[in-house]
Amino acid sequence: MTDRFGLDRFGLDRFHSGFTLTLLGFVITGWIAPGEVAAAPAYIRSEAGGTPWGQATNEQAMDMVFGGGEWDDLRFESVDPELLFSAAYHFIYLDGSDQGAIELQMFLGDNQDALEAWVDAGGTLLLNCGPGEGGDQDWGFGGVTMHAFDNAENGHASTPEHPIWNGPFLPAATDFTGTAYAHAAVSGPGLVPVIENDDGGNPNVAELDWGGGRILFGGMTVSFYWQPQPDGLNMRANMIAYLAAGDEDQDGFHTFEDNCPAIANPDQADGDGDEVGDVCDACPADANDYRDGDGDGDCDNADNCPEDPNANQLNGDGDVAGDICDACPIDSTDWLDTDVDGLCDNTDGCPFSPDPLQTDGDLDGVGDACDACPIDPLNDIDDDNDCGNVDNCPDQSNGDQLDQDNDGLGDPCDPCDLDDTNDADGDFRCADNDNCPLVNNPSQSDADEDTLGDECDPCSNDIFNDFDDDGVCADVDNCPNATNADQADVDDDGLGDICDDDPNTPPATSSSSDGGETGDESTGTGGASSSDGGEATTLTTSDDESSDDGITSLSTTAGESSSSTGDGASSDDDGGDDGSGRPAIVAGGFYSYPPFDNM
Numbered sequence: 001m002t003d004r005f006g007l008d009r010f011g012l013d014r015f016h017s018g019f020t021l022t023l024l025g026f027v028i029t030g031w032i033a034p035g036e037v038a039a040a041p042a043y044i045r046s047e048a049g050g051t052p053w054g055q056a057t058n059e060q061a062m063d064m065v066f067g068g069g070e071w072d073d074l075r076f077e078s079v080d081p082e083l084l085f086s087a088a089y090h091f092i093y094l095d096g097s098d099q100g101a102i103e104l105q106m107f108l109g110d111n112q113d114a115l116e117a118w119v120d121a122g123g124t125l126l127l128n129c130g131p132g133e134g135g136d137q138d139w140g141f142g143g144v145t146m147h148a149f150d151n152a153e154n155g156h157a158s159t160p161e162h163p164i165w166n167g168p169f170l171p172a173a174t175d176f177t178g179t180a181y182a183h184a185a186v187s188g189p190g191l192v193p194v195i196e197n198d199d200g201g202n203p204n205v206a207e208l209d210w211g212g213g214r215i216l217f218g219g220m221t222v223s224f225y226w227q228p229q230p231d232g233l234n235m236r237a238n239m240i241a242y243l244a245a246g247d248e249d250q251d252g253f254h255t256f257e258d259n260c261p262a263i264a265n266p267d268q269a270d271g272d273g274d275e276v277g278d279v280c281d282a283c284p285a286d287a288n289d290y291r292d293g294d295g296d297g298d299c300d301n302a303d304n305c306p307e308d309p310n311a312n313q314l315n316g317d318g319d320v321a322g323d324i325c326d327a328c329p330i331d332s333t334d335w336l337d338t339d340v341d342g343l344c345d346n347t348d349g350c351p352f353s354p355d356p357l358q359t360d361g362d363l364d365g366v367g368d369a370c371d372a373c374p375i376d377p378l379n380d381i382d383d384d385n386d387c388g389n390v391d392n393c394p395d396q397s398n399g400d401q402l403d404q405d406n407d408g409l410g411d412p413c414d415p416c417d418l419d420d421t422n423d424a425d426g427d428f429r430c431a432d433n434d435n436c437p438l439v440n441n442p443s444q445s446d447a448d449e450d451t452l453g454d455e456c457d458p459c460s461n462d463i464f465n466d467f468d469d470d471g472v473c474a475d476v477d478n479c480p481n482a483t484n485a486d487q488a489d490v491d492d493d494g495l496g497d498i499c500d501d502d503p504n505t506p507p508a509t510s511s512s513s514d515g516g517e518t519g520d521e522s523t524g525t526g527g528a529s530s531s532d533g534g535e536a537t538t539l540t541t542s543d544d545e546s547s548d549d550g551i552t553s554l555s556t557t558a559g560e561s562s563s564s565t566g567d568g569a570s571s572d573d574d575g576g577d578d579g580s581g582r583p584a585i586v587a588g589g590f591y592s593y594p595p596f597d598n599m
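In terms of the numbering used here, the sequence shown has 203 at position 203, counting the first letter as 1, and numbering is strictly consecutive.
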């Protein structure tokens with residue numbers, strides 16, 4: 001239930017007679033009778049000393065309630081009391097704080113009877129003085145006294161439920177502190193405390209009903225001295241609004257306390273106990289409701305179209321909405337068409353965006369008009385703000401879309417984030433770590449350790465991989481350092497012609513017919529030896545010098561012993577010498593020394 005200022009509190013245009021003022025969307029009315037000139041609110045202080053403590057708290061509060069320029073700003077020294085205390089004014093704020101205390105006391109002394117009569121007739125009064133001068137003051141009204149300089153630093157609401165703590169301006173803290181939120185306290189018969197000092201004693205603000213009117217007496221300073229300050233200002237504005245409302249319907253109950261503030265009901269009868277008087281309760285026998293907003297005779301809480309008159313309450317599809325307000329009157333599962341596109345919400349692909357065509361490109365049940373990813377049926381399932389159709393990792397969040405190998409697959413979901421072929425040979429090794437990236441070789445064997453796997457190495461035993469580029473790997477090339485694709489070797493010595501200094505001479509062999517013996521002979525610079533007697537002899541050479549002459553000694557292996565001489569010539573027992581000896585060819589077609597010449 002809204003506060004009693006709310007227009008919808010009773011579902012009526014509550015305020016319809018006397019003066020009117022707009023306040024945050026609701027209206028406050030005074031006590032004057034219909035047909036009279038609208039009454040005004042007034043704020044009155046002394047000319048002496050200017051605004052209390054140089055603060056415009058009171059003026060701000062009046063503006064908050066009535067609006068700027070909608071209230072009279074008067075002075076004790078110049079105001080016309082006869083006009084002031086007449087039906088021309090419905091609310092008066094008298095303030096004698098700071099250096100205006102003595103002027104307030106003088107004004108009250110001169111006009112006490114007129115003031116009390118005005119309140120008794122229904123006027124409402126805020127009488128406040130946080131004095132900066134003078135002493136105690138007699139404020140009349142049956143013996144009310146203002147006790148000067150009864151300062152208070154910490155205070156609290158006597159009754160937090162009181163209207164001044166509950167709006168219309170919020171927040172309004174019910175506990176507060178300050179250097180001195182009050183400079184005075186008040187006492188007197190019949191006073192009801194509103195604000196009290198935490199240290200006890202007389203209240204700093206108190207309330208009194210006087211005849212047909214009401215008064216708040218206070219010893220408050222300005223909100224500058226209150227903490228929290230905004231709450232102090234709101235509370236003062238609430239005091240003004242509370243008093244200004246008065247007893248609108250003149251039934252003896254203040255508007256804030258009247259269960260029908262716009263319709264006189266002095267008995268305050270409320271049959272259903274819902275705090276709304278029977279005379280203004282559209283549903284006087286229903287404690288759960290008090291309105292019939294559409295005036296069709298059905299209380300809102302039981303009306304199937306509370307905002308559209310339908311006394312017959314027709315409801316063809318049997319849902320909760322009457323036909324007159326049912327967007328889907330033949331669909332019992334729905335009654336709303338929020339976007340007013342002619343489609344019930346429960347079947348609308350975009351219930352909050354007009355979409356009469358219901359286009360749904362990705363068939364995900366969400367219309368294109370409201371689909372953040374209209375061609376992604378999973379609607380950015382990884383929640384990285386990239387729709388699946390443009391996300392390089394649609395199932396894994398990667399807002400930066402990093403793709404180092406530019407293969408269209410984002411790094412977080414790319415098993416080979418540096419291999420744009422993504423293990424093309426399927427051996428579970430990414431190309432950047434595969435010695436045969438295009439040939440399946442899970443073992444990664446590499447016999448010649450040239451980093452090229454055997455499965456894709458044309459020369460798997462040649463670390464230089466056919467260095468001379470003749471199509472023949474070095475391990476079988478008779479000239480591994482010279483291009484000779486034909487591998488020509490005329491003398492069949494294992495050394496290709498192109499790298500053979502003497503391509504027409506075969507390996508060193510000779511024969512003799514001396515004495516019927518056959519011998520193989522090799523010669524060197526250091527001498528020669530031979531054997532005969534019909535036995536075969538094998539000759540080998542070795543180099544025992546550091547010079548580059550190629551041959552330094554010869555040795556023979558035979559059935560007979562032989563000796564070498566150092567005369568620089570070779571001979572056998574028979575004096576035969578063919579002079580054509582050659583060294584043997586080593587593996588790979590290389591000579592380990594230059595060929596023999598002139599032997």
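Positions of the beta carbon are idealized from the N, C-alpha and C atoms, including for glycine.
Could you check what DSSP says for Glu-307 in three-state terms: helix, strand or coil? As a position in the sequence shown, residue 307 is number 307, starting the count at 1. Reduced to three states, the DSSP call for Glu-307 is coil.
Which partner residues of Ser-187 appear in the DSSP bridge assignment? Locating residue 187 in the sequence shown gives position 187, where the first residue counts as 1. The partner list for Ser-187 (beta bridge, DSSP) reads Thr-145.
Does the distance from the CB of Ala-121 to the CB of Ala-88 come in under 8 Å? For the purposes of this step, residue 121 is identified with residue 121 of the sequence shown, where counting begins at 1. For the purposes of this step, residue 88 is identified with residue 88 of the sequence shown, where counting begins at 1. No; because the gap between Cβ atoms is not below 8 Å, this pair is not in contact.
Specify whether the segment 53-63 and the segment 75-89 touch according to this definition: at least 3 beta carbon pairs, one from each stretch, less than 8 Å apart. no
Would you call the segment 209-225 in contact with the segment 170-187, where contact means no fewer than 3 C-beta pairs closer than 8 Å? Yes, the segment 209-225 touches the segment 170-187.
In three-state DSSP terms, what is Trp-165? As a first step, residue 165 is located in the sequence shown; it is residue number 165 there, counting from the start. Of the three classes helix, strand and coil, the one that applies to Trp-165 here is helix, per DSSP.
Tell me, please, which residues DSSP counts as bridged to Asp-457. The residue labelled residue 457 in the question sits at position 457 within the sequence shown. The partner list for Asp-457 (beta bridge, DSSP) is empty, contrary to what the question assumes.
In whole angstroms, what is the alpha-carbon distance linking Gly-188 and Asp-274? Position 188 of the sequence shown, counting from 1, holds the residue named residue 188. Position 274 of the sequence shown, counting from 1, holds the residue named residue 274. Roughly 36 Å separates the two Cα atoms.
Confirm, please, whether the CB-CB distance from Gly-219 to Ala-185 is below 8 Å. Looking up residue 185 in the sequence shown gives position 185. Looking up residue 219 in the sequence shown gives position 219. Against a cut-off of 8 Å, the Cβ pair of Gly-219 and Ala-185 comes out as a contact.
With a threshold of 16 other CB atoms inside 10 Å of the CB of Thr-255, please say whether the residue is buried or exposed. Position 255 of the sequence shown, counted from the start, is the residue given in the question as residue 255. So Thr-255 ends up on the buried side.
Could you check whether the segment 104-111 touches the segment 153-163, counting it as contact only if at least three pairs of C-beta atoms, one from each stretch, sit closer than 8 Å? no
Short of 7 Å in beta carbon distance, which residues of its chain neighbour Asp-323, apart from the five on each side in sequence? Order them along the chain. Position 323 of the sequence shown, counted from the first residue, corresponds to residue 323. Correct list, in chain order: Leu-314, Asn-315, Gly-316 and Pro-329.
Excluding the 5 residues flanking Gln-60 on each side, which residues of the same chain have their C-beta closer than 7 Å to its C-beta? As a first step, residue 60 is located in the sequence shown; it is residue number 60 there, counting from the start. Here the set comprises Leu-233.
Environment of Ser-443 [buried if 16+ CB atoms lie within 10 Å]: For the purposes of this step, residue 443 is taken as residue 443 along the sequence shown, with counting starting at 1. So Ser-443 counts as exposed.
Could you tell me if Gly-69 is buried or exposed, where buried requires 16 or more neighbouring beta carbons within 10 angstroms of its beta carbon? The sequence position of residue 69 within the sequence shown is 69, counting from 1. Gly-69 is exposed by the Cβ-count criterion.
Where Glu-70 sits in the DSSP three-state scheme: Translated into the one-based positions of the sequence shown, residue 70 becomes position 70. Correct three-state label for Glu-70: coil.
Using the Cα positions of Ala-447 and Asp-454, report the straight-line distance between them to the nearest angstrom. On the sequence shown, residue 447 is found 447 positions in, with the first residue counted as 1. On the sequence shown, residue 454 is found 454 positions in, with the first residue counted as 1. So the two alpha carbons sit approximately 7 Å from each other.
By alpha-carbon positions, which one of Gly-318, Cys-283, Gly-252 and Ser-445 ends up nearest to Asn-301? Within the sequence shown, the letter at position 301 stands for residue 301. Nearest C-alpha to Asn-301: Cys-283.
Please check the pair Asn-398 and Asp-407, which I expect to be a contact at CB under 8 Å, by giving their CB distance rounded to whole angstroms. In the sequence shown, the residue the question calls residue 398 occupies position 398. In the sequence shown, the residue the question calls residue 407 occupies position 407. Incorrect: roughly 14 Å between the Cβ atoms, too far for contact.
Whose C-alpha, out of Leu-243, Asn-461 and Pro-480, is nearest the C-alpha of Asp-469? Counting from one through the sequence shown, the residue named residue 469 turns up at place 469. Of the listed residues, the one whose Cα sits closest to Asp-469 is Pro-480.
Closest to Asp-63 by C-alpha separation, out of Ile-240, Phe-149 and Glu-116, would be which residue? Taking the sequence shown and counting its residues from 1, one reaches residue 63 at position 63. Among Ile-240, Phe-149 and Glu-116, the Cα nearest to that of Asp-63 is on Ile-240.
Which residue from Pro-261, Leu-125, Ala-157 and Ser-97 puts its Cα closest to that of Ala-148? Counted from its first residue, the sequence shown places residue 148 at position 148. Comparing Cα-Cα distances from Ala-148 to each of Pro-261, Leu-125, Ala-157 and Ser-97, the minimum goes to Ser-97.
I need the straight-line Cα distance from Leu-343 to Gln-358, nearest angstrom please. Along the sequence shown, read from residue 1 onward, the residue named residue 343 stands at position 343. Along the sequence shown, read from residue 1 onward, the residue named residue 358 stands at position 358. Computed Cα separation, rounded: 9 Å.
DSSP-derived helix/strand/coil call for Asp-368: Translated into the one-based positions of the sequence shown, residue 368 becomes position 368. Asp-368 falls in the helix class under three-state DSSP.
Considering Cα atoms alone, identify which of Pro-261, Cys-373, Asp-376 and Gln-396 is closest to Asp-382. Position 382 of the sequence shown, counted from the start, is the residue given in the question as residue 382. The shortest Cα separation from Asp-382 among Pro-261, Cys-373, Asp-376 and Gln-396 belongs to Gln-396.
Taking only the alpha-carbon atoms, compute the straight-line gap between Leu-74 and Ser-46 and give it to the nearest angstrom. Mapped onto the sequence shown, residue 74 falls at position 74. Mapped onto the sequence shown, residue 46 falls at position 46. C-alpha separation (whole angstroms): 8 Å.
Where does Asn-433 fall in DSSP's three states? Within the sequence shown, residue 433 is the residue found at index 433, counting from 1. Helix.
Please go through the same chain and pick out, in chain order, the residues whose beta-carbon is closer than 7 Å to the beta-carbon of Pro-374, but skip the five residues on each side of it. If you number the sequence shown from 1, residue 374 lands on position 374. Only Gly-361, Asp-362 and Asp-368 meet the Cβ criterion.
How would you call Asn-504, buried or exposed, if buried means at least 16 neighbouring beta carbons within 10 angstroms? If you number the sequence shown from 1, residue 504 lands on position 504. The residue in question, Asn-504, is exposed, as its Cβ has fewer than 16 Cβ neighbours within 10 Å.
Just to confirm before moving on: does the CB-CB distance between Asp-270 and Asn-259 stay below 8 Å? To locate residue 270, count along the sequence shown from 1; it is residue 270. To locate residue 259, count along the sequence shown from 1; it is residue 259. Yes, the pair counts as a contact, with Cβ atoms nearer than the cut-off.
I need the boundaries of the alpha helix (DSSP H) containing Tyr-225, first residue and last residue. As a first step, residue 225 is located in the sequence shown; it is residue number 225 there, counting from the start. Neither: Tyr-225 is in no alpha helix (DSSP H) and is coded neither H nor E.
What would DSSP say about Asn-151, mapped onto helix, strand or coil? Numbered from 1 along the sequence shown, position 151 holds the residue referred to as residue 151. Strand, per DSSP.
If you check the beta carbons only, do Asp-501 and Asp-493 fall under 8 Å apart? Residue numbering aside, residue 501 sits at position 501 when the sequence shown is read from its first letter. Residue numbering aside, residue 493 sits at position 493 when the sequence shown is read from its first letter. It is not a contact, given that the beta carbons lie outside the stated cut-off.
Rounded to a whole number of angstroms, what is the C-alpha to C-alpha distance between Ser-547 and Pro-507? Indexing the sequence shown from 1 puts residue 547 at position 547. Indexing the sequence shown from 1 puts residue 507 at position 507. Here the model assigns Ser-547 a pLDDT of 39, short of 50, so the residue's position is not dependable, and the following value carries that caveat. Those two C-alpha atoms are separated by around 23 Å.
Measuring alpha carbon to alpha carbon, tell me which residue in Arg-236, Leu-216 and Leu-104 is nearest Glu-133. As a position in the sequence shown, residue 133 is number 133, starting the count at 1. For Glu-133, the nearest C-alpha among the options comes from Leu-104.
Could you name each continuous alpha helix (DSSP H) segment of 4 residues or more that falls completely within the segment 207-262, going from the start of the chain to the end? Those alpha helix (DSSP H) runs which fall completely within the segment 207-262 and span 4+ residues are 229-245.
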